[in-house]
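*Asks:*
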């Protein structure tokens, strides 16, 4: 799994690539929580994620909770069908703010 | 199941096993494809649970081979089997929950054994799986405080906590009322669809098998008599299949000499 961090407008975009599984999800969790604790608005870009398991989704849930307590924005972009199915299974698609793309979000 | 010509993830070839002198499995051949729900059916003593135990690597066969996700398990060492089992979830018939641990601790156990995830991540994963199984709020309960259906769902939550590639479920409907049983059937289909699992279910419940299966294999006296789609099983002309579908007791021909021997012989059978 790879993780790239960039700044787009008011957001810190954390782009994950590859498989976010039991082995690699701690590597996704760490930058998400670090940015949120610095009071940055975070978008997690999942468009290049080929697989995400429950541990990856749990890291996103932690991010959501941290964002709420820090009073910053947190959302997901580029959620693939496979990733969406995992979110839907736990009804988390109703919890997260999900956007098509960073561009569309910034344009609106 | 949307895809066709999928990869074979379980391949059983000419499997033979004995309990003492009794032959329990007699040349079993079975392929399970990726992302399918395969239901293994058969009457009591047909060998279906024994077949499951072999596929899980819990029993040793007399002969034959079993390949799981490309690994031959009849000759694999313990380390290889341990690695393989990370990809396999099992929900046993009675649940097999540890009575001295809470439901949450039971579900969390595979994560503690196999991963170094953060405590909070594990807690969220456990709660997510309990939510999926409609068991929200039972995390702190002991298994003895759950109903039969809840125990099965808790066992299923533990079986899928690591998001396994393969899920095995032994007799999901046993001892449950029809409504609770139907809920479990729905869960099995949901898991396959949402998590792309390959699922093997052992059951003797026809209604459940027809609802969830992509293919069904029927065992009789240790032999597979048919492996086919639900539709083809329904339309099969095989006597044993029709007996099972129509719940007809099996009429075995009586070997009078062997019968007399059994009644009058000196040796305990």
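Protein chains in written order, with the working numbering: chain A, 291 to 398; chain B, -2 to 266.
The C-beta atom is built at its ideal place from N, Cα and C for all residues, glycine as well.
#1: Quick check on residue 201 of chain B: does DSSP put it in helix, strand or coil?
#2: Take residue 75 of chain B as the anchor and find which of B:55, B:94 and B:89 has the nearest alpha-carbon.
#3: Would you mind stating whether residue 302 of chain B and residue 199 of chain B have Cβ atoms separated by less than 8 Å?
#4: Near residue -1 of chain B, which residues of its chain fall below 6 Å by C-beta distance, leaving aside the five closest residues on each side in sequence?
#5: Where does residue 1 of chain B fall in DSSP's three states?
#6: Which residues mark the beginning and the end of the beta strand (DSSP E) in which residue 21 of chain B is found?
#7: May I ask you to report which of helix, strand or coil DSSP gives residue 35 of chain B?
#8: Below 8 Å on the Cβ atoms is my contact criterion, and I expect residue 6 of chain B with residue 163 of chain B to pass it. Report the Cβ-Cβ distance as a whole number of Å.
#9: Say whether chain A places a C-beta atom closer than 8 Å to the C-beta of residue 173 of chain B.
#10: Since residue 220 of chain B contacts residue 101 of chain B with CB under 8 Å, what's their CB separation in whole angstroms?
#11: Please report whether the beta-carbon of residue 115 of chain B lies at a distance below 8 Å from any beta-carbon of chain A.
#12: In chain order, what residues of the same chain lie with their CB nearer than 7 Å to the CB of residue 93 of chain B, ignoring the 5 residues before and after it?
#13: With H, G and I counted as helix, E and B as strand and the rest as coil, what does DSSP make of residue 313 of chain A?
#14: Using a cut-off of 7 Å between C-beta atoms, extract the partners of residue 129 of chain B located in chain A.
#15: Confirm, please, whether the CB-CB distance from residue 294 of chain A to residue 277 of chain A is below 8 Å.
#16: Tell me, please, whether the CB atom of residue 269 of chain B is closer than 8 Å to any CB atom in chain A?
#17: Just curious, the alpha helix (DSSP H) that residue 230 of chain B is in, first and last residue?
#18: Using DSSP bridges, identify the partner residues of residue 85 of chain B.
#19: Give, in chain order, every unbroken run of the alpha helix (DSSP H) that is at least 4 residues long and sits entirely within the stretch 43 to 80 of chain B.
#20: Tell me where the alpha helix (DSSP H) around residue 158 of chain B begins and ends.
#21: Give the DSSP bridge partners of residue 215 of chain B, in chain order.
#22: Who are the Cβ neighbours of residue 349 of chain A in its own chain at under 7 Å, not counting the five residues just before and after it?
#23: My understanding is that residue 387 of chain A touches residue 122 of chain B, with C-beta atoms under 8 Å, so please give their C-beta distance in whole angstroms.
#24: Nearest by alpha-carbon distance to residue 83 of chain B: which of B:95, B:225, B:66 and B:72 is it?
#25: Does the beta-carbon of residue 239 of chain B have 16 or more other beta-carbons within 10 angstroms, so that it is buried, or is it exposed?
#26: Would residue 316 of chain A pass as an interface residue toward chain B - the criterion being a Cβ-Cβ separation below 8 Å?
*Replies:* Answer, in terms of the structure:
#1: The answer is coil: DSSP assigns residue 201 of chain B none of H, G, I, E or B.
#2: B:55
#3: Nothing can be reported for residue 302 of chain B, as the shown portion of chain B is limited to -2 through 266.
#4: Because residue -1 of chain B sits at a pLDDT of 46, beneath the cut-off of 50, its placement in the model cannot be relied upon, and the following sentence gives the value as read from the coordinates. Cβ within range, chain order: n/a, list empty.
#5: Unreliable placement is indicated for residue 1 of chain B, whose pLDDT of 47 sits below 50; no coordinate value is reported for it.
#6: DSSP places residue 21 of chain B in the uninterrupted beta strand (DSSP E) bounded by 19 to 30.
#7: Here residue 35 of chain B sits in strand by DSSP.
#8: Beta-carbon to beta-carbon, residue 6 of chain B and residue 163 of chain B are separated by about 7 Å, close enough to satisfy the 8 Å threshold.
#9: Put simply, the CB of residue 173 of chain B is far from chain A, with every gap to its CB atoms at 8 Å or more.
#10: Not confirmed; about 43 Å, so no contact.
#11: yes
#12: The beta carbon of residue 93 of chain B lies closer than 7 Å to those of 152 in the same chain, with the five residues before and after it left out.
#13: coil
#14: 379 and 380
#15: Chain A is shown only over 291 to 398; residue 277 of chain A falls outside these bounds and no answer can be derived.
#16: The first residue shown for chain B is -2 and the last is 266, placing residue 269 of chain B beyond what the model contains.
#17: 227 to 231
#18: B:163
#19: If we require 4 residues or more, the alpha helix (DSSP H) runs fully inside the stretch 43 to 80 of chain B come out as 45 to 52.
#20: Looking at the DSSP string, residue 158 of chain B is not in any alpha helix (DSSP H), and its letter there is neither H nor E.
#21: B:38 and B:223
#22: Closer than 7 Å at Cβ, skipping near neighbours: 315, 318, 319 and 322.
#23: Going by Cβ atoms, the distance from residue 387 of chain A to residue 122 of chain B rounds to 22 Å, so no, they are not a contact pair.
#24: B:66
#25: exposed
#26: yes
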